[in-house]
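Chain order of the listed sequences is A and B. Positions 1 to 455 (the working numbering) are the ones given, in order, by the first sequence. Positions 1001 to 1268 (the working numbering) are the ones given, in order, by the second sequence. Some notes on the structure that comes next.
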Amino acid sequence: MSLIYFSLLLLMSGFAYVLARGRAAEGARGATFHSRPAYHGLLAGAIVALPMFAVFAIGSFLTGFAAERQALAALDPALVADPLRRGAALRQIADLAAGRPVAGDLSALTAAVETWRSVRQIAIAAIYALGLASGVAGLLFALRRIAPDFKARNRFERLVSIFLMLCAGIAVLTTVGIVFSVVFETFRFFQRVSPVEFLTGTHWSPQTAIRADQGGSSGAFGIVPLLTGTLLISTIAMLVAGPIGLFAAIYMAEYASPRFRAIAKPVLEILAGIPTVVLGFFAALTIAPLIRVTGQALGLDVASESALAAGLVMGMMIIPFVSSLSDDVITAVPQSLRDGSLGLGATKSETIKRVILPAALPGIVSAFMLAISRAVGETMIVVMAAGLAANLTFNPLDAVTTFTVQIKTILVGDQEFDSAKTLAAFALGFVLFFFTLTLNVIALAIIRKYREQYD
Amino acid sequence: MNETANPPATPETSEGPRAKITARNVNVHYGDKHALKDVSVDVPEKGVMAFIGPSGCGKSTFLRCINRMNDTIPICRVTGDLRMDGRDIYEPGLDPVLLRARVGMVFQKPNPFPKSIYENVAYGPRLHGLARDRTELDEIVLGALKKASLFDEVKDRLKDSGTSLSGGQQQRLCIARAIAVRPEVILMDEPCSALDPIATAKIEELIDELRSNFTIVIVTHSMQQAARVSQRTAFFHLGKLIEDGVTDQIFMNPRQELTRNYITGRFG
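And the structure:
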């Protein structure tokens, strides 16, 4: 039904465009028009499309609402009083009305299904009627306004800017919404488990808290082991990606021939495009056994899942981040600074060390920050290669776990959404979010400072 | 340049002081483009020589041959004989890095490093180990700033960023930076083209003061500037050196028709 409605909407809107443009073009032969005919057309199209769309959006919402209300009125009041059974009944009614097969005894629902159907039919007819009427009204209204001094261009551009603003608003509102939902659930978690215990406890074992009476008293919600695990793996990753990425960037930006650059850059970007789950089984099946075998040869006790394996592969994952962002900032250092340094008798490497890197340093630092926040937020590699054991250790050969892995572990499978265990996932998410947000804010502040230098 | 067998490009050279830089049949190609054609010219020691000519005439290209800055452009090829103090600038054994310590350069757009004013000037001396300790370095830096007539304006804020100065001050900082390495030759590639008239006047004054100690080669678009600051002038056109000589003679009484047309503003 919506497909037909929207085809109709497009058709009428297009018709309005052609008609209004034609009118304006015709009129422009006799008089000087403020706006070019196309703008009159575009405005007319918008004046037709917008009310029709509004009728559809509001109408659909009201239809669902009214159908549900009427159908419930036709049901047994005892059934309506129980929220679980009411929900199930509504789903069955919708399925029956749509002709999908439904199992079970449905005789009690027949009357409700009938009501549901008839309400919807009436409502849909009303939407079509209202929609068409508003479209035609819009068209007539738009055609009447075509005049030499009518500022159709300004009006249309105003509409476009409102549309753009709405899109930006949706992005912002989504962010705000997610933050609020996480904050709200975190707050609920802290009603059960004290924040002090959460932030300073050294034992993490949410599984013991499935039963409500064990909740906070079990002491199982200390995030310190997760924090050390996250830091350990991220540190290993940055030890790999930092130097390799930076040196690769210096080579690419300053020394590599254009031909090498043309090949190497895309290849690096492919590395950035490898799904982390693929890197994860690479870590678990190739790197981790390699480390274990090497460790055993050296007489070391290595867990089969180790922070080192996860950290190394995560480092590989973020090399392209560091190198590509650093390459950009190094290339952005003005050629005039290179010339100035070379002109004073500096060699190429002296120029890079003393002028280019210091000038690019803020950008490089922020590239590192963004890479770290990527590493901290990474899940799949750690799940596969570092294990789930919340060990409080700084030994890279032990199994450790991270915030992200614990969130995933807690929320996989069926969960009730009011236990401390499940809510802990939101609290962890909040900590993680706070962490990466801080890193990003610092990175952006540094970038902004850096920009001011050359403008 | 006493032992050269080639005759001087123009008779006037013999009147002036000893030639610091001599070019004989210098050609420059950028890929397929023949940018500089058989240029032969003498740059006398101590004094200012101006290169003038319309855009794309090769004057900057020639300037950048003298300190081998063209080496940084992969497709650029320089042939011919270019000597400083009789030594071939392009001989294989010569390290361009050492050459550039003797031949300083000031660029069209002021390009101070994003470091403090002090560090900008100390950059070259540090590179070449010209100072044994901090006191010596201070001496070199402050001396260079004084010679560049910048010291009085920045003495209270040597720690401020070099990029915080005004355009004219930045350019004088770049000149101070070049002087601090104690070069013999200073190349200036349109040093005033990004500056306002007052800043330009200060730079011109400075160039005039520096000429007793340095050999200065300046590329300029402004004929008035060439007339004001230089003692010798060379006129380039379409990659060729058309005429060179004493500045007054070039401007008052050019030998070539092309030079006269350019100077009187008939093209360019």
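Think of the CB as a built atom: it goes at the ideal place given N, C-alpha and C, for glycine as much as any other residue.
- Around R374(A), the same chain offers I318, F321 as residues with beta carbons nearer than 7 Å, after the five sequence neighbours per side are excluded.
- Pairwise C-beta distances place the region 356–369 of chain A out of contact with the region 391–408 of chain A, as fewer than three of them are shorter than 8 Å.
- As for any alpha helix (DSSP H) of minimum length 4 sitting wholly inside the region 216–302 of chain A, the runs are 224–250, 258–273, 276–282, 288–297, ordered along the chain.
- Scanning its chain for C-beta atoms nearer than 7 Å, with the 5 sequence neighbours on each side dropped, one finds around L1142(B) the residues F1151, in chain order.
- In the three-state reduction of the DSSP assignment, D1081(B) falls in the strand class, which pools E and B.
- Taking the Cα positions, S234(A) is about 50 Å away from M1188(B).
- For V382(A), the closest C-alpha among the options A346(A), T174(A), A256(A), A288(A) is that of A288(A).
- Measuring C-alpha to C-alpha distances from D1081(B) to each of A1144(B), D1042(B), S1193(B), F1113(B) identifies D1042(B) as the nearest.
- The criterion of a C-beta distance shorter than 7 Å is not satisfied by G138(A) and I4(A).
- The residues R338, S341, L342, in chain order, have a CB closer than 7 Å to that of T351(A) in the same chain once the five nearest residues on each side in sequence are set aside.
- Interface annotation, T347(A): in contact with chain B, CB-CB separation under 7 Å.
- Your pair P148(A) and F61(A) does not check out as a contact, with CB atoms roughly 41 Å apart and the cut at 8 Å.
- The alpha-carbon separation between G1056(B) and R1068(B) amounts to approximately 19 Å.
- The alpha-carbon separation between S1161(B) and I1175(B) amounts to approximately 16 Å.
- A direct Cα-to-Cα measurement between G280(A) and L444(A) gives close to 30 Å.
- Of all residues in the region 1062–1075 of chain B, the ones placed with a Cβ closer than 8 Å to any Cβ belonging to chain A are N1067, M1069, T1072, in chain order.
- Pairing R1255(B) with Q1249(B), the inter-Cα distance amounts to about 9 Å.
- The criterion of a C-beta distance shorter than 7 Å is satisfied by I1075(B) and G1031(B).
- Boundaries cannot be given for L106(A), as no beta strand (DSSP E) includes it and DSSP labels it neither H nor E.
- In terms of Cβ geometry, Q70(A) and V119(A) form a close pair [threshold 7 Å].
- In this structure M165(A) is exposed. Its beta-carbon is surrounded by fewer than 16 other beta-carbon atoms within 10 angstroms.
- Interface criterion not met: the Cβ of N1120(B) is under 7 Å from no Cβ in chain A.
- The three-state secondary structure of P1110(B), taken from DSSP, is coil.
- Legend: CB atoms of the region 1100–1116 of chain B lying less than 9 Å from CB atoms of chain A belong to residues R1100, A1101, R1102, V1103, G1104, M1105, V1106, F1107, Q1108, K1109, P1110, N1111, P1112, F1113, P1114, K1115.
- The residues P51, M52, V55, in chain order, have a CB closer than 7 Å to that of S134(A) in the same chain once the five nearest residues on each side in sequence are set aside.
- Within 10 angstroms of the beta-carbon of V277(A) lie fewer than 16 other beta-carbons, which makes it exposed.
- For A20(A), the uninterrupted alpha helix (DSSP H) run begins and ends at 2–30, by DSSP.
- When C-alpha distances from M384(A) are compared across L392(A), I372(A), T404(A), F394(A), the shortest belongs to T404(A).
- Of N1025(B), P1112(B), D1196(B), the smallest CA-CA separation from L1173(B) is found for P1112(B).
- Residues are counted here when their Cβ sits less than 9 Å from a Cβ of chain A; for the region 1164–1197 of chain B these are C1174, R1177, A1178, A1180, V1181, P1183, L1187, given in chain order.
- Using a CB distance below 9 Å, the part of the region 350–375 of chain A facing chain B consists of E350, R354, V355, P358, A359, ordered along the chain.
- For the pair I236(A) and K421(A), the Cα-to-Cα distance works out to about 29 Å.
- Between V1217(B) and chain A, the shortest Cβ-Cβ separation is not below 7 Å.
- Under the 10 Å beta carbon count, V1185(B) is surrounded by 16 or more other beta carbons and is classified as buried.
- In terms of beta-carbon proximity, S336(A) lines the interface with chain B, with at least one pair separated by less than 7 Å.
- By the CB criterion at 7 Å, T186(A) and A425(A) fall outside the cutoff.
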